[in-house]
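There are 2 protein chains.
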Amino acid sequence: MVQINSNFQKLPGSYLFSEIARRVAAYAQANPDRALIKLGIGDVTLPLPAAVTAAMHAAVDEMATAQGFHGYGPEQGYSFLRDAIAQQDYQDRGVNIQPDEIFISDGAKSDCGNIVDLFGPDNKVAVCDPVYPVYVDTNAMSGRAGEYDEKSGRWTNLVYMPCVAENDFMPDLPGEEVDMIYLCFPNNPTGAAATKEQLKPWVDYANRTGAVLLFDGAYEAFITTPGVPHSIYEIPGAETCAIEFRSFSKTAGFTGTRCAYTVVPKALTRQGASLNAMWNRRQCTKFNGVPYVVQRGAAALYTPEGRQQAKDHVAVYQNNARVIREGLANAGLTVSGGVDSPYVWARTPNGMGSWEFFDLLLRQANVVTTPGAGFGPSGEGYIRLTGFGETEATRQAVERIRNVL
Amino acid sequence: MVQINSNFQKLPGSYLFSEIARRVAAYAQANPDRALIKLGIGDVTLPLPAAVTAAMHAAVDEMATAQGFHGYGPEQGYSFLRDAIAQQDYQDRGVNIQPDEIFISDGAKSDCGNIVDLFGPDNKVAVCDPVYPVYVDTNAMSGRAGEYDEKSGRWTNLVYMPCVAENDFMPDLPGEEVDMIYLCFPNNPTGAAATKEQLKPWVDYANRTGAVLLFDGAYEAFITTPGVPHSIYEIPGAETCAIEFRSFSKTAGFTGTRCAYTVVPKALTRQGASLNAMWNRRQCTKFNGVPYVVQRGAAALYTPEGRQQAKDHVAVYQNNARVIREGLANAGLTVSGGVDSPYVWARTPNGMGSWEFFDLLLRQANVVTTPGAGFGPSGEGYIRLTGFGETEATRQAVERIRNVL
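For the protein sequence lines, the chains are F and D, in the order given. Here full-length UniProt numbering is used: position 45 in the first sequence is 45, and no number is missing along the way. Here full-length UniProt numbering is used: position 292 in the second sequence is 292, and no number is missing along the way.
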């Protein structure tokens, strides 16, 4: 008799987004005349940049010919893309990352999830609270989280690092020793961005204790503030303790096109083993590379036209985030994020609960948001709004929210 | 201090293909005037079918417009593709598989590898010998294989089921109880195809003992012999014990375009848990779907033109395999496979070792093959040749081999 992985049975249902969908559907059915504006989900709305679609068309044409056909590619990704990333995303910023430290993948979600393959079952895992649920769920599935406690909304064996107004949404170093530390900056969901000074203690901690930082930089393209690092490797010593996840999803609208990359420096070793070699082995064994056509599309983002188009793309969302942030602040809400991030994190008024405020905005303003409590206990009392909507709809949504406050 | 997954350190190097590449490169360097023909690797050579590239172009055009843009898709795949697969690959063959039992993915290699996430660490795993290395390596990485024994070329905790001439390359039911059983038919590397009568005992065994069959049907499109089933679900009872992996890689040249699917029936439960629900949870947590453009390309294979083009595509490789099989048989070699499969499995002459014959063919015929020993101990004394080459080159290669025997 096969034994299933019993850790799956410990997982609570995927409450957050299914519960949002349920409430939205119920409201929409009862009020078919109301046009809802959705600022809840983190999906983009702008079409792919022209440089990307042109490159994809050209690649499809290649695939239609015997001479231009590409079969199995390198599992790690094509050199034309790895080289461009190493040069433009790292070396041009003074960070010495080489192409063979970059692994092209189908998404930061896949990589953030699959990275747990490299680690033993008994490591202590630290996550921010609130947090992107993938870090938690993938460690729960692989047996590192302990048991889920319904009452506290926490797993018994994870170390939670609250990110709240009191600490400016920056986690404090954990009081107990931890081995795997997930950090995401600019942060999902709070929108907080970390400076070099704020990141340095984490790099120092990991190098001192032998922990590994799992650094999610999916929202790097939204950074505008000088001094906010675009990569964890801008912090001296990070190359011996950090893995970085990056994505084209929010940079250039690749959420439905699927391309991302993960950096595993060759200097990162533990117990005498190279994590770069381990990840290479993992990817070569369980992955077969990203579609040639998609890699050509991503590589177009490293041409002068592609870079400019991606910047223009991000600027639209940055402006939306600004409209939300300023509009809600003017309406008297306490807001953070939305500067170096597409996410605005708003305190609910009058101590209202996340879900209560969500319902109020849904019913009275016809705007869909995300209740902060869905990202963890410390998200209670907040909602998340995203700048990924359409500009005019975003403006309207803010107006509607102001009218009901 | 983080603890790495120490199972990775037990893995022997990826000897087979790197060793082939090393020997080929050394020979080519020493003999730059010789034109090598490669019949070793399992990659395809024909361009994508016209229906596929037309659909991909149309999808890229959609992605370039605000109205046609597709962001995050369902992790399980779009209905337009799941519905077509359920109808044409299953229901039209009298097999009751529903769209929500089908999970679109970026490759059968990914799915074959990731499926181990669903199972506990203490299951006993059975594999054919010779075998596709991914089944073995992914179980080794997740701690089910025990230790690698250099001498025997086997892992101490895996159950090996020899597939040799004596049993017509059909595994015998294992003598000890096993929990996870990998079967691949038509087989890689032997090219053997299994009849319904040959598969029935495995389904009965799994249903009786509670084992799970992990059935790799990546080469289904090559089946021509009547009575050879195209799916494990043609065997009554398979829906309560089998997961099936299918791929567009060899059906329509998707090796570099990346689309496949896995079937997990809702009737498949163990310890009260639905494996369909578990795989759904796994995919929703660690995967974000296949590119929209690629899924549109795959869906084009279910149109009348697309179906015909894929058939024509496969027919070219089937003919190549026939040319290899007949040519080598006429030259006096003992060959099998190559009928319902792109792979021809040839006995080495005069009891020669796999690598010895590989070297002879490389040097004297300038043809690259794959030594059977690379797929497991029972592959010793065989080489694998593939029908995926170009037709004229394949004909020449066979001629050259005949001349040196």
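Note that beta-carbon positions come from the ideal geometry of N, C-alpha and C, so glycine has one too. Owing to the predicted nature of the structure, the values given are computational and were not obtained by experimental measurement.
For R34 (chain D), the number of other beta carbons within 10 angstroms of its own is below 16, and it is reported as exposed. Following the DSSP letters along the chain, one finds L11 (chain D) in no alpha helix (DSSP H), marked with neither H nor E. Residue pairing by DSSP places R322 (chain D) opposite no residue, since no beta bridge is assigned to it. DSSP links P371 (chain D) through a beta bridge to D:I383.
A direct Cα-Cα distance of roughly 36 angstroms separates C163 (chain D) from S274 (chain F).
Counting only residues of its own chain and dropping the five nearest sequence neighbours on each side, F119 (chain F) has a CB closer than 7 angstroms to the CB of M180. In the same chain as E390 (chain F), and ignoring 5 residues on each side of it, the C-beta atoms closer than 7 angstroms to its own belong to T45, in chain order.
Interface flag for L46 (chain F) against chain D is set, since a Cβ pair is found closer than 9 angstroms. Fully contained in the segment 95 to 127 of chain F are the following beta strand (DSSP E) runs of length 3 or more, in chain order: 102 to 105. Among the CB atoms of chain F, one or more fall inside 9 angstroms of the CB of N288 (chain D). With 16 or more other Cβ atoms inside 10 Å of its own Cβ, Q283 (chain D) counts as buried.
Take the alpha-carbon of L173 (chain D) and the one of D204 (chain D): they are about 11 angstroms apart.
P186 (chain F) is positioned such that its CB atom lies closer than 9 angstroms to that of E220 (chain F). A Cβ-Cβ contact shorter than 9 angstroms links R23 (chain F) with F358 (chain F).
Across the structure, I115 (chain F) and Q87 (chain F) are spaced so that their CA atoms are roughly 24 angstroms apart. Within the segment 53 to 75 of chain D, the residues whose Cβ lies closer than 8 angstroms to any Cβ of chain F are, in chain order, T53, M56, H57, V60, D61, M63, A64, T65, A66, G68, F69, H70, G71, Y72 and G73. Taking a Cβ-Cβ cut-off of 9 angstroms, the neighbours of D122 (chain F) in chain D comprise Q3, given in sequence order. For T262 (chain D), the enclosing beta strand (DSSP E) covers residues A260 to V263. Under the 9 angstroms criterion on CB atoms, D137 (chain D) is classed as interfacial with respect to chain F. In this structure, A193 (chain F) lies near T225 (chain F), with their beta-carbon atoms less than 9 angstroms apart.
For C241 (chain F), there is no enclosing alpha helix (DSSP H), as DSSP marks it with neither H nor E. At a cut-off of 9 angstroms, the C-beta of G113 (chain F) has a neighbouring C-beta in chain D.
Bridge pairing for L213 (chain D): D:I181 and D:A242 [DSSP]. Any Cβ of chain D closer than 9 angstroms to the Cβ of Y292 (chain F) would place that residue at the interface, and such an atom is present.
According to the DSSP assignment, Y343 (chain D) belongs to the beta strand (DSSP E) that extends over Y343 to R347. At a Cβ-Cβ threshold of 9 angstroms, G107 (chain F) and A260 (chain F) count as neighbours. At a Cβ-Cβ threshold of 9 angstroms, T285 (chain F) and M56 (chain D) do not count as neighbours. Close to chain D, meaning a Cβ-Cβ distance shorter than 8 angstroms, are the following residues of the segment 195 to 221 of chain F: T209, G210, A211 and V212.
Taking 9 angstroms as the cut-off, the beta carbon of G175 (chain D) is found no closer than this to the beta carbon of L158 (chain D). Closest in C-alpha terms to L268 (chain D), from the list D:L214, D:R307, D:A299 and D:A126, comes D:L214.
In the structure shown, T251 (chain D) adopts helical secondary structure according to DSSP, grouped into three states. Two segments are said to touch when three or more pairs of C-beta atoms, one from each, lie closer than 8 angstroms; by this definition the segment 289 to 306 of chain F does not touch the segment 322 to 333 of chain D. Secondary structure at G337 (chain D): strand, using DSSP grouped into helix, strand and coil. For Y233 (chain F), there is no enclosing beta strand (DSSP E), as DSSP marks it with neither H nor E. Under the three-state reduction of DSSP output, Y317 (chain D) falls in the helix class.
The beta-carbon of S79 (chain D) is placed no less than 9 angstroms from the nearest beta-carbon of chain F.
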